[in-house]
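Taken in sequence, the protein lines are chains A and B. Using my numbering, read the first sequence as starting at 1 and increasing by one per residue. Using my numbering, read the second sequence as starting at 1 and increasing by one per residue. For reference, the structure discussed in these notes is given below.
Number of protein chains: 2
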Amino acid sequence: MKEVVILGAGNVATHLFKAFQASAGAKVLQVYNRSEENLDFFRNQVAVTSNLKEIVAADFYILALSDDAIKEIVPLLPEQHGIVVHTSGAKGISTLSKFENYGVFYPLQSFSKSKEVDFHEIPICLEANSPTVLIRLKELASEISEKIYEVDSDQRKALHVAAVFANNFTNHMYSMAAEICARNGLQFEVLRPLIRETLAKAEVLPPPKAQTGPALRGDSETISAHLELLNKDEQEIYKLITSSIQKLHGKKL
Amino acid sequence: MKEVVILGAGNVATHLFKAFQASAGAKVLQVYNRSEENLDFFRNQVAVTSNLKEIVAADFYILALSDDAIKEIVPLLPEQHGIVVHTSGAKGISTLSKFENYGVFYPLQSFSKSKEVDFHEIPICLEANSPTVLIRLKELASEISEKIYEVDSDQRKALHVAAVFANNFTNHMYSMAAEICARNGLQFEVLRPLIRETLAKAEVLPPPKAQTGPALRGDSETISAHLELLNKDEQEIYKLITSSIQKLHGKKL
């Protein structure tokens, strides 16, 4: 049985905890968090502590913490026999170089407290300070996911930016669409089937091949009509993305 | 049986044709297209013509044409007893005011030639020049879809812009993410589960409530790190959308 200590009590920590406890070959022994109160969810299910000196011996120590908290905890955490990893997309592996065996265990997903996720579908991006550690991390990751990737620190940082475009910025496009609907007395609902189809196409085509719309067609009449309906901030974004689509696809108005 | 003539042979025409032919109470009598060769798909299934004088009598005439082609065909199309509609998101209803009974029959979806769609889920936005015509259009639309909305010309234009954000611009965010992946030796595949989750959240939450990421958190350290990995054009888009997210959510760096 692979024994795990989780440091952190936020969304990533909680979802990892549930996934390991549901796995066949891994088990969380203890959850640490700086503040006692955030440990309430875990208290009746597993040993908890808010004292770094009470951390128990385990095979893996997972720092499921914010980037700032990782920076703060590393100097305070005593050297461990097990493998120490963090779950951050943005932090390099060298953040943990004071330990003997260390790595990164980055689940590429946007976690919410209230929403359950199927961990089997979540890509886990691994990096390790040695081939042996990498093998052990792969074994641990395969307890909870079928999608395991080796991704070095530079690649992981790039992936983190790409994820901002694919997730955060996409969601903001939805927000802008919702705002345009709202001020014209339209329900955002009307757009949902279109949004679903956009995703369905991205599942089967490389995104540039799935591109449609007035920017791609070079339809300057429609583009002008659209700009008239937008406020100044929306216009700026509309123009910039339109020109970016046209650059990518080699069109010019 | 509601009898329909479709004018046009592109994606919208083709998908509408299939949906009506599969319906219980509507039937396409004829498909018109200016060029003979694009009629090949329809030829063995229904009467076709490339001569506007040969258009047969029907209850509905659907101009499933590009905005430019609508403009060209309207003066040439003889007055009809049936109801004449176009399927354009961008054109006003008044484009068809030379006819006695007219309206708009706008299916809000991005159609591809190669990809089948379930028309029952596609919102059809209707507008009519009279209450009687509206009732008839609702009857026709309900033959193929369960999602029927009354949307006036101004609203439809706004919806068309909103759709550009929700579909075209979202897809371009995927393209940009794919490009960042490609130049860092990463498969775009890795991002798919995240993209799916972004949509899944948008299905259950208003988009602003589903927003996450460094822009929302005001995490200027991550934002700076991200900008370093982007080229100049990408940086411009990253900065503008980041600042738009912060404006919407009342945060400032």
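Every residue gets a Cβ at the ideal spot worked out from N, C-alpha and C, and that includes glycine.
query	result
Run the CB neighbour count on Asp40/A, radius 10 Å, all protein chains shown included, and call it buried at 16 or more, exposed below.	exposed
In the DSSP assignment, find the unbroken alpha helix (DSSP H) run with Pro193/B in it and report its ends.	192-204
In or out: Val255/A buried (at least 16 other Cβ within 10 Å) or exposed?	Outside the shown range of chain A (1 to 253) lies residue 255/A, about which nothing can therefore be said.
Quick one: what does DSSP say Lys2/B is sitting in, helix, strand or coil?	strand
Short of 8 angstroms Cβ to Cβ, which residues in the segment 133-158 of chain A face chain B?	Lys147, Tyr149, Val151, Asp154, Gln155, Lys157, Ala158
Measure the alpha-carbon distance for Pro208/B versus His249/B and round it to whole angstroms.	8 angstroms
What beta strand (DSSP E) runs, 3 residues minimum, are completely inside the segment 144-192 of chain A?	148-150
Go to Phe105/A, then tell me how far its beta strand (DSSP E) extends in each direction, as first and last residue.	102-107
DSSP on Glu221/A, reduced to helix/strand/coil?	helix
What residues are listed by DSSP as bridge partners for His86/B?	Leu63/B, Val104/B
List the whole-angstrom C-beta distance separating Thr30/A from Val56/A, where the pair is believed to meet the contact cut-off of C-beta under 8 angstroms.	Rather than Thr, the amino acid found at residue 30/A in this sequence is Gln. Going by Cβ atoms, the distance from Gln30/A to Val56/A rounds to 5 angstroms, so yes, they are a contact pair.
How long is the line joining the alpha carbons of Val85/A and Glu236/A, rounded to whole angstroms?	42 angstroms
Counting contacts by CB-CB distance shorter than 8 angstroms, is His15/A in contact with chain B?	no
If you measure from the beta carbon of Phe20/B to each beta carbon in chain A, is any gap under 8 angstroms?	no
In whole angstroms, give me the CA-to-CA distance for Phe111/B and Asn231/B.	33 angstroms
What's the gap between the Cα of Leu96/A and the Cα of Gly103/A?	7 angstroms
Taking 8 angstroms as the threshold (beta carbon to beta carbon), is Gly213/B in contact with chain A?	yes
Tell me Tyr32/A's beta-bridge partners as DSSP assigns them.	Leu7/A, Thr49/A
State the Cα-Cα distance for the pair Phe42/B and Val204/A, rounded to the nearest angstrom.	27 angstroms
Cβ of Gly185/B less than 8 angstroms from any chain A Cβ?	yes
Below 8 angstroms on C-beta distance, what does Thr170/B contact in chain A?	Thr170, Met173, Tyr174, Ile195, Thr198
Looking at the C-beta of Thr222/B, does it have a partner C-beta in chain A at a distance below 8 angstroms?	yes
Would you report the Cα separation of Asn171/B and Ile6/B, rounded to the nearest angstrom?	30 angstroms
In this structure, does DSSP put Lys27/B in helix, strand or coil?	strand
If you measure from the beta carbon of Leu52/B to each beta carbon in chain A, is any gap under 8 angstroms?	no
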